[in-house]
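Take a look at the structure set out below.
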Amino acid sequence: MDPVVGIDRAFWYILVVSAIFLTGITLVMIYFVVRYRRSRHPQPADIRGNWRLELLWTVIPTVIALSMFAVGWKSYTGLRTVPAGSVEIQVLAQMFSWIFVYGNDKESENLLVVPEHTPIKLNIESLDVIHSFYLPAFRVKADAVKGLPTYVWFRSGDPGEFTILCAEYCGIDHAKMLATLKVVPRTEYDAWLEQEGE
Amino acid sequence: MTMATIPSFFETPAPAGLTGIRAWLLTHDHKRLGLMYLWAVLFWFAVAMIIGLLIRIELMTMGRTIMSAGVYNSAFTLHGVIMIFLFVIPGIPAIFGNFFLPIQLGTDDVFFPRLNLFSWYLYILGGVLAIVSLFTAGGFPDTGWTFYVPFSIGTKHNVPLTVFAAFVLGMSSMLTGLNFITTVHRKRAPDMGWMQIPLFTWSLYATAWVQLLATPVISITLLLVIAERLLNIGLFDPARGGDPILYQHLFWMYSHPAVYVMILPGMGVVSEIIPTFSRKAIFGYKAIVFSSMGIAIAGSLVWAHHMYTSGMSDTAIFVFSLLTFLVAIPTAVKVFSWVSTLYKASIDMSPPLLYALVFIYLFSVGGLTGLVLGAAGTNIHVHDTHFVVAHFHFTMFGGTGFAFFAALHYWWPKMFGLMYNFRRAYIAATLATVGFLFHYVPMFVLGLMGMPRRYYDYLPQFAHGNGLAAVGAILLVAGIVLMFVNLLLSFRSRVPAPANPWGGCTLEWTVPSPPPLHNFPLQPSIQEYPYDFTEILRKAPRS
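Taken in sequence, the protein lines are chains A and B.
Converting from the first sequence to the numbering used here requires adding 412 to each position, the first position being numbered 1.
Converting from the second sequence to the numbering used here requires adding 244 to each position, the first position being numbered 1.
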């Protein structure tokens, strides 16, 4: 399964269950406030608790929370397990641009070109302060830290262009530290790799 | 002598003999100190709110709207530093805690009244240092309130002074915590057992332990940042073999527990208001007490859920994600208890209750979206985006902020002996709530779409959401301004408040409004159960 699918399922699971809880709590609260307003219900009941109910609403949320944890963790492992045969590209972050270094030492700035339908592994490091490599279309993000190499991977899919952003505040031009991911057919990728650097 | 003829604390300086401004600036009275905090905290809240509004107006349109990128970066740093260290953390404990904790315990003051005064001066000093850092040596930091290294070590802005201001404010918070813990242990009315303490005071007690135990970590960390900048030690700087992730651990080891310092007192406020206006016992008193302590303990063990993308090990992510989900449980228990208290109650709608109900709604949204952030896989996508900004504003502003507004409306008559206009209060609350939703809901969507936070400019697909958020911000600020104007107008209309305007049954409602210097002319009698409304109902007119 593609990691993006796993992540999106986890989003839907958590958001839908949360929306049900929120709607339930809000409707019950509004109903009580209207139904038991003082003009209509002057004499309150003296209820101080109910251990069965309290136990129930401790146990059920615990089970739901643990299921959310499990779904979240499972989707995360998808992001970490790099399939064999992936194309590896080095990513270097600096104030305020992205440098991509390919297997044949070709370099490009703010433009990442990858072949279609291929697992891509990006090895990420920073040259100065902390940045964060963020590719929302593929649900991946990893902080670029000097001296602490890390990685992300994704399956490139159909050809297209996607935005890469810096997600860790890094100074005056943080918001301009953008790059483009270009997914191209294999032949086009091979030809691009052999071109002279910019 | 009847209670009503005893002069209030406004007319009785402590120590005796002080007059004029000295009666305030040298006071040992916890009530005067509470009010002195009130005005100082409200000043900072107003400043940070205006900065926040300017930030949203800057983001209203793409490109430059009203300020440069440099000013914008300092603006969000200033907004965060002031809101966190000068409003949200001290807000409820320093103002309402100081004023009402001793009264709810049936005593005349905190255990260390002079230390209490000293804490106030530290608070003021911290604020003054923050102002000074604006205009000296490179100006206010552009680092964000998190001061992440190595950026905060390299920037030319005045990081050391601002960090030192935060250090001083931490001292103030720690000493207040120390004072509250000792007061709860040593100064309770003689016949008040632990299970007879009102829930607001319980929440302050749980908070105080976190303040006392977690604040030293941030104090040391902030001093290390100063040392790193001035002495070039190389502790956090990778260029000198240091570890920037170590800084993040130390920072969040305090700053995550600190979010429970921020929210627990707000939960305490709501736990007072709901029973009072329901005329009914809080549902599950003990469950609320234990969940407060549970949140304080478990909340201290989840700090690294701010760091899933930092490059720390997957094992650490597994553990911190699991613990994070466990903190959700006591929080859910509290929400269920509040809503159940309303069941078969006799509910009197009033401005404090309206704010408390809005709190429950907004805080629930904040808590539930926290589940998205606690889960490892989903966190990666929305970490450091507008989703996080919306999430923590729902908890810190929709939660603590609205609890603060609820507390203001609940205890205003007690603190000043004056009633405010209800109609204006309802309009203000409604306006603020609608503005709040228009302001922050678009940010959830922006975050899911992939807009990072702390962005001065953005891509065209984010334009709609940011435009809407700016409109919401204007409505929100209008509501809050109206709320404060309405409260302040009570000084002009001077409608006197009775001792117990709401029919509350904790001890502060048994003393005159405003209370006399020593709070209780006679030793108060302590109810067997703190939320027993039998007496209140017996005296209430039959309708």
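Idealized CB from N, CA, C, for every residue including glycine.
- If you draw a straight line from the Cα of Thr629 (chain B) to the Cα of Pro657 (chain B), it comes to about 41 Å.
- Annotation: the continuous beta strand (DSSP E) that includes Ile536 (chain A) extends over Pro531 to Ser538.
- CA-to-CA, the gap between Thr465 (chain B) and Met593 (chain B) works out to about 47 Å.
- Sequence-distant Cβ neighbours of Ala505 (chain A) in its own chain, meaning closer than 6 Å and more than five residues away, are Ser538, His543 and Ala556.
- For Ala531 (chain B), the CB contacts under 7 Å within the same chain, skipping 5 residues up- and downstream, are Val577 and Ser581 in chain order.
- The C-beta distance from Met537 (chain B) to Ala433 (chain B) rounds to 22 Å, too long to meet the 8 Å contact threshold.
- The count of Cβ pairs closer than 8 Å, one atom from the stretch 409–426 of chain B and one from the stretch 354–366 of chain B, reaches three, so the stretches are in contact.
- Around the Cβ of Trp288 (chain B), a 10 Å sphere holds 16 or more other Cβ atoms; the residue is buried.
- By the C-beta criterion, the stretch 382–396 of chain B is judged to be in contact with the stretch 485–497 of chain B, since at least 3 inter-stretch pairs fall below 8 Å.
- Counting only the Cα atoms, Met695 (chain B) lies some 14 Å from Met304 (chain B).
- Assignment of Tyr563 (chain A) by DSSP, reduced to helix, strand and coil, places it in the strand class.
- When the Cα atoms are used, Ser522 (chain B) and Asn744 (chain B) turn out to be separated by approximately 15 Å.
- Apart from the 5 residues on each side of it in sequence, Ile501 (chain A) sits with its Cβ closer than 8 Å to the Cβ of Phe512, Val513, Tyr514, Gly515, Leu524, Val526, Ile532, Lys533, Leu534 and Asn535 in its chain, given in chain order.
- The alpha carbon of Pro571 (chain A) has as its nearest neighbour, out of A:Thr435, A:Glu528, A:Thr599 and A:Tyr601, the alpha carbon of A:Glu528.
- Here Met293 (chain B) is buried: its Cβ has 16 or more other Cβ atoms, across all protein chains shown, within 10 Å.
- Per DSSP, reduced to three states, the secondary structure at Tyr664 (chain B) is coil, with no helix or strand assignment.
- Apart from the 5 residues on each side of it in sequence, Pro574 (chain B) sits with its Cβ closer than 6 Å to the Cβ of Ser535, Gly538 and Ile539 in its chain, given in chain order.
- Shown here, His637 (chain B) sits in a helix according to DSSP, grouped into three states.
- The Cβ-Cβ distance between Phe508 (chain A) and Lys588 (chain A) falls below 7 Å.
- Linking His653 (chain B) to Ile442 (chain A) through their CA atoms gives a straight-line distance of about 21 Å.
- Of the residues assessed, Asn710 (chain B) falls on the buried side of the cut-off, its CB having 16 or more other CB atoms within 10 angstroms.
- When the beta-carbon positions are compared, Gly716 (chain B) and His683 (chain B) come within less than 7 Å of each other.
- At a cut-off of 7 Å between beta carbons, Pro488 (chain B) contacts chain A.
- Annotated three-state conformation of Ile584 (chain A) is coil, per DSSP.
- CA-CA distance, Met306 (chain B) to Gly478 (chain B), rounds to 39 Å.
- Under the three-state reduction of DSSP, Arg523 (chain B) is assigned to coil, being neither helix nor strand.
- Ile426 (chain A): member of the alpha helix (DSSP H) spanning Pro415 to Arg447, first to last residue.
- Within its own chain, the residues whose Cβ lies closer than 6 Å to the Cβ of Leu690 (chain B), once the five positions on either side in sequence are excluded, are His630, Phe706 and Gly709, listed in chain order.
- Boundaries of the beta strand (DSSP E) harbouring Lys553 (chain A): Val552 to Ala556, taken from the DSSP string.
- When B:Gln440, B:Ala374, B:Ala290 and B:Arg473 are compared, the shortest CA-CA separation from Gly335 (chain B) is found for B:Ala290.
- Using a CB distance below 8 Å, the part of the stretch 622–636 of chain B facing chain A consists of Thr622, Asn623, Ile624, His625, His627, Asp628 and Thr629, ordered along the chain.
- In the three-state reduction of the DSSP assignment, Lys783 (chain B) falls in the helix class, which pools H, G and I.
- Between Ser757 (chain B) and Gly643 (chain B), the C-beta spacing is not below 7 Å.
- The three-state reading of DSSP puts Lys594 (chain A) in strand, counting E and B together.
- By the Cβ test, the stretch 495–511 of chain B is not in contact with the stretch 555–567 of chain B, since fewer than three Cβ pairs between them sit closer than 8 Å.
- Secondary structure at Phe512 (chain A): strand, using DSSP grouped into helix, strand and coil.
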